[in-house]
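Novice:
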Amino acid sequence: MNNYALLVLAALACASYAKKFPDGWIACKMDDPKHNECMRGAIQRTLPDLVKGMPQFGIKTIDPLTFKQIVIKQGNGPISLDLTLDDFDILGIHTGNVDRVLNNKWKSFVANVSVPKLTATAKHYKMDGKMLVLPIKGEGKAKLGLDDFKAGFVVDVGEETKGGKTYYKMTKMHIDLDCSKFHQDYENLFEGNKQLADQMKIFLNENHKEVFRELAPALGEALSA
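Just so you know, the sequence shown maps onto residues -18 to -1, 1 to 207 in mature numbering (1 follows the signal peptide of the UniProt record, and there is no 0).
1. Grouping DSSP H, G and I as helix and E and B as strand, with all else coil, what is M(-18)?
2. Mind checking which residues open and close the beta strand (DSSP E) that includes V137?
3. Would V83 and M21 qualify as a contact pair, given that the criterion is a beta-carbon distance under 8 Å?
4. Taking only runs of the beta strand (DSSP E) that begin and end inside the stretch 153 to 202, which ones reach a length of at least 3 residues, in chain order?
5. Can you tell which of D68, T43, G78 and I61 has the C-alpha that lies nearest to the C-alpha of I25?
6. How should D180 be labelled, buried or exposed, when 16 other C-beta atoms within 10 angstroms of its C-beta is the threshold for buried?
7. Compute the Euclidean distance between the alpha carbons of N(-17) and K147, then round it to the nearest angstrom.
8. Tell me the DSSP secondary structure of N58 in three-state form.
9. Look at M182 and L171 and say whether their C-beta atoms are less than 8 Å apart.
10. Quick one: give me the first and last residue of the alpha helix (DSSP H) that G6 is part of.
11. Taking DSSP as the reference, what is the three-state secondary structure of G23?
12. Is the number of C-beta pairs between the stretch 58 to 77 and the stretch 97 to 107 that are closer than 8 Å three or more?
13. Which same chain residues, not among the five before or five after G80, have their C-beta less than 6 Å away from its C-beta?
14. For the candidate residues K144, F164 and L178, whose alpha-carbon lies nearest to that of N189?
15. In whole angstroms, what separates the C-alpha of S62 from that of D130?
16. Quick check: what's the CA-CA separation for G6 versus P30?
17. Between the alpha carbons of L128 and L205, how many angstroms are there, rounded?
18. So if DSSP puts G111 in a beta bridge, which residue, or which two residues, is it bridged to?
19. Enumerate in chain order the residues of its own chain whose CB-to-CB distance from D160 is below 6 Å, with the five nearest sequence positions on each side excluded.
20. At the level of alpha carbons, what is the spacing between D158 and T48?
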């Protein structure tokens, strides 16, 4: 299970079983008329603890949020791409804000979060395909930047009984992503051909909105896997 999933599980837990968790976490009652606002505040309150990490619950730090590998396979369309990002770290989550929460009686759970700026790095990437109208190929280190980042989480929730007690569990997660500016810097594009690489970097950053719009669904799917 990736750290995104653990983060969501921790958020769910904070609102339902907070008394069993660290001091200061907030328990939200389902019959509270302001339950969703309570949930929003409760999840926001967990952020500093989750940033530090909670080894007693098997949760590592979420800043950086680390993925061993992210695989994006984009089929036909303006972007057709096979992209693998190894040792992928996302930094900046500690500045995040929980904007909205909607709890559908623990059948599903919706949350919207925003971060002023995220930076992501990959110790190794491998890419081959087409970006809009241009072919692209490369392998090396990568650095990405996302300004005014927004993520919408839709989580399906199920129940599990252990020891005579019923617990909530995440059964499925979908993530929608958006940002105002998508920065991309890939080392060693076109096997080190500087002229082609520089032209591609200019092209990618000039067309960042179209590139991110095409990549966002596949990236959201990869992050929620």
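Glycine is no exception: its CB is placed at the ideal position from the N, C-alpha and C atoms.
Specialist: The answer reads as follows:
1. Along the sequence shown, one-based indexing puts residue -18 at 1. Residue confidence for M(-18) is low, a pLDDT of 45 falling below 50, so the modelled location carries little weight and cannot support an answer.
2. Here residue 137 refers to the residue found at position 155 of the sequence shown. Where V137 is concerned, the enclosing beta strand (DSSP E) stretches over L116 to K144.
3. Taking the sequence shown and counting its residues from 1, the one referred to as residue 83 is at position 101. Taking the sequence shown and counting its residues from 1, the one referred to as residue 21 is at position 39. Yes. Within cutoff.
4. 163 to 168
5. What you label residue 25 is simply residue 43 of the sequence shown in a count that begins at 1. Minimum Cα distance to I25 is reached at G78.
6. Within the sequence shown, the letter at position 198 stands for residue 180. It is exposed - the Cβ of D180 has fewer than 16 other Cβ atoms within 10 Å.
7. By 1-based counting over the sequence shown, the position of residue -17 is 2. By 1-based counting over the sequence shown, the position of residue 147 is 165. Here N(-17) scores only 49 on pLDDT, less than 50, and its place in the model should not be relied on; the value that follows carries that caveat. Each residue's alpha carbon lies about 26 Å from the other.
8. In the sequence shown, the residue the question calls residue 58 occupies position 76. Three-state DSSP puts N58 in coil, outside helix and strand.
9. Counting from 1 along the sequence shown, the entry for residue 182 is found at position 200. Counting from 1 along the sequence shown, the entry for residue 171 is found at position 189. In contact: M182 and L171 (Cβ atoms closer than 8 Å).
10. Looking up residue 6 in the sequence shown gives position 24. Taken as a continuous stretch (DSSP letters only), G6 belongs to no alpha helix (DSSP H), as it is neither H nor E.
11. By one-based count along the sequence shown, residue 23 stands at place 41. The answer is helix: DSSP assigns G23 an H, G or I state.
12. yes
13. Along the sequence shown, one-based indexing puts residue 80 at 98. According to the sequence as given, residue 80 is Val; it is not Gly. So the list reads R22, I25, Q26 and V95, once near-sequence residues are dropped.
14. As a working note, residue 189 is residue 207 in the sequence shown. Measuring from the Cα of N189, the nearest candidate turns out to be F164.
15. Locating residue 62 in the sequence shown gives position 80, counting from the first residue. Locating residue 130 in the sequence shown gives position 148, counting from the first residue. Near 26 Å, if we compare the C-alpha coordinates of D130 and S62.
16. Here residue 6 refers to the residue found at position 24 when the sequence shown is read from its first residue. Here residue 30 refers to the residue found at position 48 when the sequence shown is read from its first residue. If I take the Cα positions, the gap works out to 11 Å.
17. Position 146 of the sequence shown, counting from 1, holds the residue named residue 128. Position 223 of the sequence shown, counting from 1, holds the residue named residue 205. Roughly 15 Å separates the two Cα atoms.
18. On the sequence shown, position 129 is the one that residue 111 refers to. Beta-bridge pairing links G111 to L63 and I118.
19. Within the sequence shown, residue 160 is the residue found at index 178, counting from 1. Counting only Cβ-Cβ distances below 6 Å, and skipping sequence neighbours, we find K132.
20. Indexing the sequence shown from 1 puts residue 158 at position 176. Indexing the sequence shown from 1 puts residue 48 at position 66. Going by the C-alpha atoms only, they are around 19 Å apart.
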